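Visitor:
Have a look at this one:
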């Protein structure tokens with residue numbers, strides 16, 4: 012069972028290469044954080060850790 016969980020975790024991580032919101036799971040790209048200085052998720056408002 013632990014092997015299956017690890018496999019799912021790896022697959023999910025590869026679907027959001029730039030990061031995702033820990034609250035709602037929506038993907039965002041690094042440009043939002045670095046160039047536009049976005050500090051909160053555009054979809055749910057949770058602070059982006061970085």
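In the numbering used here, the protein residues as written are 12 to 61. Heads up, the beta-carbon is just placed ideally off N, CA and C, and yes, glycines get one too. Quick caveat, the model's predicted, so the values are computed rather than measured.
(1) Do you know offhand how far residue 38's Cα is from residue 54's?
(2) Does DSSP classify residue 58 as helix, strand or coil?
(3) Using the Cα positions of residue 52 and residue 42, report the straight-line distance between them to the nearest angstrom.
(4) Report all residues from its chain with a CB closer than 8 Å to the CB of residue 33; omit the five preceding and five following residues, and keep chain order.
Guide: Quick look at the numbers:
(1) 10 Å
(2) strand
(3) 13 Å
(4) 57, 60
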